[in-house]
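Okay, so here's the structure we're looking at.
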């Protein structure tokens, strides 16, 4: 086990100067393409504890093994690489997966956005916030819960585009259930490219849909598809490859993974774990299993295409031992999250986890408690790519309109938090204390006047007024204020410019692909 | 500046073994008298950053000074101790206050409860949760917001007594506005002693009320008033002494402080700061001022009675720069909190801060977001005494019944969090992973069965059921479920035993004191 970065294509951390500049921008409330943290990461285990988890992951990989189902090519690649293949079960000599990852996987990488000013840097000290992903339902105060439609999908792309605190347009923000299953990915990718200029995610539900995603992204990005900094194809997409925990990769996910990895598009390898069902009921057991599963998938991407960007993912929550229902915002998943983030740093790859997760059905206090108890650990742990930052309700079954803008507000606070403590002369404010003195107030002093604009995070949704004023304004709770806010946002939305020729090429591609096969709802 | 503990009456940290035992108890969901953390404290500044804040506090103490108003005795004591006294302004040679504190203030101390099994240890690795404090109003879903009455006060004492996650009965949980101002402290102290057996706080609104509090506590605790471990009078009360920031101690607070310090009762010296009004708008400026103010007050307790227990307090939030209204749950106060906790550790005294603070008027999503964004930092920072753990609404103006049980639930989660990661063989769960293997589930495996009872924190208020089941059960939000919960709790309340002679002595004392002066509403 080494903490020294391997040599090939592994970039250094950004300088302290970069971090400070980004921190200043964040403090100033400006729209920044991503966060570069100036706040230390929180660690719950010491080096011995982390080494123990790594040792256990090695044991799992060597003794228990990982199944690669329905993919003879994968088994063949593993066999040639020196793993022990028995049926569909692959066992790995201790350290093999780690060595494969550390030899060639980049420590951080740039995902290009259609608007280069919105390129995101994934890994290192950086944090990128993306919307929630994958809900078949939407929820809002007006309609309650219903199946999602492509119109909802477009609405959330627009809301994510407008949210200063979100850096990424995400992927399957919600499932457009009104469109055929085998074609909806085309409309989703198109909507991201058309209604936003932030970076996006590709489809993973079938290899040909992954190929469509790559093709459409390339159309949208035009002719310069080579990254001058790396000499490799530009990374235009990230993709979410979930492991079928415990210890199983299925044919669908392997198919999409192979498409993206070979195209130098980023793959987020994520064991999806509800502890107690898909992993042991303990934090340390869940952490070791997550590491083992993710290591195997990450190593596989490097077998396919050495140097292709890969992200260490962890989605770990737990279940109610009474009902078996998934629970969120509880302490155990937070502990797993802190550990996995530290393990990713030791491994030297970008890390994805967390978000604003909750089991709540509506944007009530439960939703907020659970989301805050996930998002704050996410940020303190040092997660690099935060899927599910905004909108998540009901264990991911519903995408909430009100929840979306509430979460985006919280994500805005995280910008200020991660900017850390300003210890400059101005930050120390000794002149202000000298000027004001005992028993006076600071409201009018020169330092307060000079820092008025950037002092304190301002929430557009929190009500800090007096009870009397709040009553006079209709006694609205936060969800009601959020309802008015997202409607106002959508009413004010203006699309980013998109070259007409590119738009036509995208539409033409979609039309051709839709005509190539009959609609299917499976 | 030294990080070495001074010699006199300064106890060592509990051993790792103590922490592990407490952690096991917390994991087992048992009622424990207080938390002994097994989780590292989160630090946002390195040693250089903390030393800078300390240097600035020394400059404030030496150059700007602190006013001690309306208390010639205090000025005289400071003069004799070597401070520079000019009118009511006291300036302190650099390091003087720190040296006074470090020489004699205990690193941690025991506050005795009427039931010795509920004694709390304040300081070190320990965390004690106490209810919110000081609201003139109450709020519940049935009545909305109204003035608090003694009946509400008793209800909250009962709810705090029943809450496994609260270790302390608190003080002025709400103001019983239906009782005379000059006598209500008697009913409050009596209610704590009668309806709970957890530790409590004394009145600070006048020196004679502090004396009443001490007298009643002594009656309730009977004859053994000497602490055999320290040879000093047992500490039966904590008291909340707020600084009138910036840099001012007033006559009322000094009067109460002197009573408690001389009686060896614990004093929590807390600069109450809304940054932007009572301190500079910056985190580092607010931290330096808080340290300076608190150091002066803590040092004063040691002048009065060397070795008397004192707690470093910090209440720092910020204001809306638009309306001047206080805001809570924002990132800046969290940063201040992390810094102050680290400074308290360097100083070597117990620390009080945080809680479940919010500006929200109702127990909605705003309340939950803001409270979680305060309570989690409180716990990660390593706060020893957490006032305002449960019930706080509307910037402290209202005590919420639903909010109380919601916050107590969150405090329960913090028990599990602070118990840290179990790295025992059972915690590692390698047997479970070996037993289950790829593609199976863990629900029925032996390890899951063996750990079923203690696996995962269980919230009594979160709804994790399916949407359909939730609909069938009435589509209640968390506040509605909390409403039913506190009513059930109160209906099931049973008073802890209280010796009849003690009860009579307390009632007699109250009667006598009430007869001694006419009622007053000021």
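Chains as they are written, first to last, in my numbering: chain A, 835 to 1356; chain B, 835 to 1356.
Don't be surprised by glycine CBs; every beta carbon is placed ideally from N, CA and C.
A:1130 is the residue among A:939, A:1065, A:1130, A:1266 whose C-alpha sits nearest the C-alpha of residue 911 (chain A).
For residue 926 (chain B), not one C-beta of chain A is nearer than 9 Å to its own C-beta. By the Cβ neighbour-count rule, residue 1152 (chain B) is buried, with 16 or more other Cβ atoms within 10 Å of its own. Not a single C-beta of chain A is nearer than 9 Å to the C-beta of residue 906 (chain B).
Check the Cα spacing between residue 1354 (chain B) and each of B:1095, B:1016, B:1188: the tightest is with B:1016. If you draw a straight line from the Cα of residue 1052 (chain B) to the Cα of residue 1197 (chain B), it is about 38 Å long. One thing to note: residue 955 (chain A) has its Cβ within 9 Å of the Cβ of residue 942 (chain A).
Using beta-carbon distances, residue 1276 (chain A) counts as an interface residue toward chain B, with a partner under 9 Å. Note that the C-beta distance between residue 1343 (chain A) and residue 1012 (chain A) is not below 9 Å. With three or more CB-CB distances shorter than 8 Å, the region 918–937 of chain B counts as touching the region 1122–1140 of chain B. At a C-beta separation below 7 Å, residue 1286 (chain B) has these neighbours in chain A: 1155.
The contact set of residue 873 (chain A) on chain B, defined by CB atoms closer than 7 Å, consists of 878 in chain order.
Of all residues in the region 1251–1263 of chain B, only 1251, 1252, 1253, 1254, 1255, 1256, 1257, 1258, 1260, 1261, 1262, 1263 place a beta-carbon less than 9 Å from a beta-carbon of chain A.
Chain A has a Cβ within less than 9 Å of the Cβ of residue 1291 (chain B). Counted as a single uninterrupted DSSP element, the alpha helix (DSSP H) harbouring residue 1086 (chain B) occupies residues 1085–1096. Only residues of its own chain outside the window of five on either side were considered, and among them 875, 1175 have a CB closer than 6 Å to the CB of residue 1216 (chain B), listed in chain order. Residue-level contact check: residue 1282 (chain B) touches chain A, since one or more beta carbons of chain A fall below 9 Å from its beta carbon. For residue 1254 (chain A) and residue 1266 (chain A), the gap between their C-alpha atoms comes out near 21 Å. Taken residue by residue, none of the region 991–1003 of chain B has a beta-carbon sitting less than 8 Å from a beta-carbon on chain A.
Residues of the region 1188–1203 of chain A with a C-beta less than 8 Å from any C-beta of chain B: 1193, 1194, 1195, 1196, 1197, 1198, 1199, 1200, 1201, 1202, 1203, listed in chain order.
Note on geometry: alpha-carbon atoms of residue 951 (chain B) and residue 1031 (chain B) lie some 9 Å from one another. Around residue 1123 (chain B), the beta-carbon contacts reaching into chain A at under 7 Å are 1267. Chain A has no Cβ within less than 9 Å of the Cβ of residue 1235 (chain B). For residue 1131 (chain B), the enclosing alpha helix (DSSP H) has its first and last residue at 1117–1138. Put simply, of A:1210, A:1169, A:1177 the residue whose alpha carbon is nearest the alpha carbon of residue 1189 (chain A) is A:1210. Using a Cβ-Cβ cut-off of 7 Å, residue 900 (chain A) is close to 1272 of chain B, given in chain order. Counting along the chain, the unbroken beta strand (DSSP E) around residue 972 (chain A) starts and ends at 971–974. For the C-beta of residue 1112 (chain A), the chain B residues within less than 8 Å are, from N- to C-terminus, 1275, 1276. Excluding five sequence positions before and after residue 878 (chain B), the CB atoms of its chain that fall closer than 7 Å to its own CB belong to 1169, 1172, 1173, given in chain order. Of all C-beta pairs linking the region 1094–1104 of chain B to the region 886–903 of chain B, fewer than three are shorter than 8 Å, placing the two stretches out of contact.
Inclusion of residue 969 (chain B) and residue 1005 (chain B) in the CB contact set at 9 Å is not warranted, their separation being larger than that value. Beta-bridge pairing by DSSP links residue 1002 (chain A) to A:1033. Note on residue 1026 (chain A): 16 or more other CB atoms within 10 angstroms of its CB, so buried under the neighbour-count rule. Annotation for residue 987 (chain B): the continuous alpha helix (DSSP H) segment containing it runs 984–996. Taking 9 Å as the CB threshold, residue 1244 (chain A) lines the interface with chain B. In the DSSP assignment, residue 920 (chain B) falls within the unbroken beta strand (DSSP E) covering 918–920.
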